[in-house]
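Chemist: Under our numbering, residue 422 is the last one in the sequence shown; the count climbs by one each step, no gaps.
Note that the Cβ used here is the ideal one computed from N, Cα and C, for glycine as well.
Have a look at the structure that comes next, please.
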Amino acid sequence: MSVTEHDRTAAGSETAWDTALAQLDEVAEMMGLAPGVHEILRSPKRALIVSVPFRMDDGSTRVYEGYRVHHNVTRGPAKGGIRYHPDVGLDEVKALAMWMTWKCAIAGIPFGGAKGGIAVDPRQHSRSELERMTRRFASEILPLIGPERDIPAPDMNTDEEIMSWIMDTYSMNSGYSVPGVVTGKPVAIGGSRGRSGATSRGVMYMVFAMMRSLGLGIEEISVAIQGYGKVGGFLAQLLHDAGCRVVAISDVEGGLYRERGLDPEAINRHKREAGTVVGAPDCDAITNAELLELDCDVLIPAAVEGVITVKNADRVRARVICEAANGPITFEADKILNERGVYVVPDILANSGGVTVSYFEWVQDIQAYFWSEEEVNDRLRMIMERAFDDVSSFAEEKNLTLRQAAQWIGVGRVSEAHLTRGLFP
Ligand code: NAD
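Here it is as structure tokens:
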């Protein structure tokens, strides 16, 4: 599916920020949230817009707009990824930052919510241009970031190497190495074992927990995954290795379908050569729109926001949707899915494996004491399964959807922190 086609599917009239606010307002009313706290939580604490000029390889200058938003830091330093995508804008970053606040609170991690990004199509730049752009962006947001203030991490189109450049830029300005300023960096400079696969691993735990709660076995469940990047790509491999049938995958260029199940290793080989999953052998071509409407047990959006809207929600045939991406379902579409009996494991619970191991990485950096991959994975599993149990039992007790229950718990913990600290001055 082309980006334009995506825009048509996704556009509707509900933006990511509309979705995030509607979710907060709904749960604020249900839980009787203190009006002052509700008002505070409806706006980000601070938002920085920066201009990011950098030198192109041909000597000319290019300028993009960059953002860093702190939604809330009442429970601890701000935490959230940095995204490079042409659609990045202030409202999207505000929404992503708000979701990070709830996500950290639900996982019981002592961080607040942040997000950042640059409105750029990274495919149009060389690696050295991206390095100069990243270092300039890091310098521009320097007043906001730091191990005790705000700790960026990778998100769409950003990776370990980009985190290294941010860490290096910050460290050069400090005069000494500061590994704790970013997470998701290479192990060689203080990254955590298990971080690169943590989001995918966490999503897998959530799929399995959901299947268990429905009394279904995991063997042979059919899964469709939209987005074959850091999260979706490794998740396809993990689920395939666990015995699930991954029947469809896609990237921004289009999708693949195979009823008997796809072979992630063959797809990875093809992707390394072709730069896309499209055209991999022994599979049928499908569009991203078709993938979302496939008859399968579990649908996992792992790409962008707003792909399931009022326009296609009644055509989704999956029994369970596990949100690896942030905000893939609009508020209105979520209601339709709920009415139709589709179970949704919400982003703020389902994809919290990444921030959980980012927290582990930060702790290891601060203590300068590093854990084995086994320890990381075991603790990740423990935290995520506990979070799932907390959310699902609360949902049952109060007769809520999993999203409402997760949101209630997250907002409740942030509210408790606000009320405990009091309003300054
Ligand atoms: P990525 O850049 O590594 O991969 C994104 C994938 O989505 C690519 O395959 C890309 O081709 C595809 N894609 C992009 N636009 C698309 C479109 N319009 N339609 C279909 N496919 C499209 O990004 P990622 O890190 O894997 O992140 C994916 C999602 O997961 C994002 O919503 C991100 O916020 C969320 N997430 C990521 C992490 C993490 O640790 N990386 C953690 C939590 C949540």
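Suppose the cutoff is 6 Å on Cβ atoms and the five residues either side in sequence are ignored; what does the same chain contact list for Arg132 look like?
Modeler: Only Trp162, Thr166 meet the Cβ criterion.
Chemist: Locate the beta strand (DSSP E) running through Lys112, then write down its first and last residues.
Modeler: 109 to 115
Chemist: Does the distance from the CB of Ala25 to the CB of Val408 come in under 8 Å?
Modeler: yes
Chemist: Go ahead and pull the three-state DSSP assignment for Asn476.
Modeler: With the chain covering only -2 through 422, there is no way to say anything about residue 476.
Chemist: Less than 7 Å between C-beta atoms, sequence neighbours within five positions excluded: which residues of the same chain meet that for Ser412?
Modeler: Leu30, Ala31, Val34
Chemist: Which residues mark the beginning and the end of the beta strand (DSSP E) in which Asp248 is found?
Modeler: 242 to 248
Chemist: Please confirm if the stretch 320 to 338 is in contact with the stretch 299 to 307, defined as three or more CB-CB distances below 8 Å between the two stretches.
Modeler: yes
Chemist: So which of Gly188, Pro140, Gly77, Glu157 has the shortest CA-CA distance to Asn170?
Modeler: Pro140
Chemist: Any idea if Glu216 is buried or exposed, counting beta-carbon neighbours within 10 angstroms, 16 or more meaning buried?
Modeler: exposed
Chemist: Cα-Cα, which of Met160, Asp22, Leu346 is closest to Ser197?
Modeler: Leu346
Chemist: According to the Cβ coordinates, are Leu253 and Ile283 closer than 8 Å?
Modeler: yes
Chemist: Check whether the Cβ of Pro151 lies closer than 7 Å to any heavy atom of the ligand NAD, and answer yes or no.
Modeler: yes
Chemist: Report buried or exposed for Arg5, applying the criterion of at least 16 other Cβ atoms within 10 angstroms of its Cβ.
Modeler: Unreliable positioning characterises Arg5 in this predicted model, as indicated by a pLDDT of 36, which lies under 50. The coordinate reading is nonetheless provided below. Counting Cβ neighbours within 10 Å, Arg5 comes out exposed, since fewer than 16 surround it.
Chemist: How far does the alpha helix (DSSP H) with Tyr356 in it extend, from its first residue to its last?
Modeler: Element bounds for Tyr356: 350 to 364.
Chemist: By how many angstroms is the C-alpha of Ile363 removed from the C-alpha of Asp187?
Modeler: The amino acid at residue 187 is misidentified as Asp; the sequence shows Gly. Whole-angstrom Cα-Cα distance: 10 Å.
Chemist: Following the continuous alpha helix (DSSP H) through Ile37, name the residue where it begins and the one where it ends.
Modeler: 32 to 38
Chemist: In chain order, what residues of the same chain lie with their CB nearer than 7 Å to the CB of Met207, ignoring the 5 residues before and after it?
Modeler: Taken in chain order, the residues that qualify are Val317, Cys319, Tyr340, Val342.
Chemist: Could you give the DSSP three-state label for Thr1: helix, strand or coil?
Modeler: Because Thr1 carries a pLDDT of 37, less than 50, the predicted location of this residue cannot be relied on, and no value is offered for it.
Chemist: Identify which residue in Ala92, Trp99, Gly73 has its Cα closest to the Cα of Pro107.
Modeler: Gly73
Chemist: Can you give the beta carbon distance from Asp84 to Ala111, rounded, assuming they're within the 8 Å contact cut?
Modeler: The pair is not a contact, with the Cβ atoms about 19 Å apart (cut-off 8 Å).
Chemist: DSSP three-state call for Leu253: helix, strand or coil?
Modeler: strand
Chemist: Any idea what DSSP makes of Leu296, helix, strand or coil?
Modeler: strand
Chemist: Measuring from the CB of Thr131, is there a heavy atom of the ligand NAD at a distance below 7 Å?
Modeler: no
Chemist: Between Lys227 and the ligand NAD, is there a pair consisting of the residue's CB and a ligand heavy atom that are separated by less than 7 Å?
Modeler: yes
Chemist: Give the secondary structure of Val228 by DSSP, where H, G and I count as helix, E and B as strand, and everything else as coil.
Modeler: helix
Chemist: Just checking Asp238 against the ligand NAD - is the residue's beta carbon closer than 7 Å to any of the ligand's heavy atoms?
Modeler: no
Chemist: Give me, in chain order, the residues of the same chain whose beta-carbon lies closer than 7 Å to that of Ser174; leave out the 5 immediate sequence neighbours on both sides.
Modeler: Ser168
Chemist: Mind checking which residues open and close the beta strand (DSSP E) that includes Cys280?
Modeler: Premise fails: Cys280 is in no beta strand (DSSP E) and is neither H nor E.
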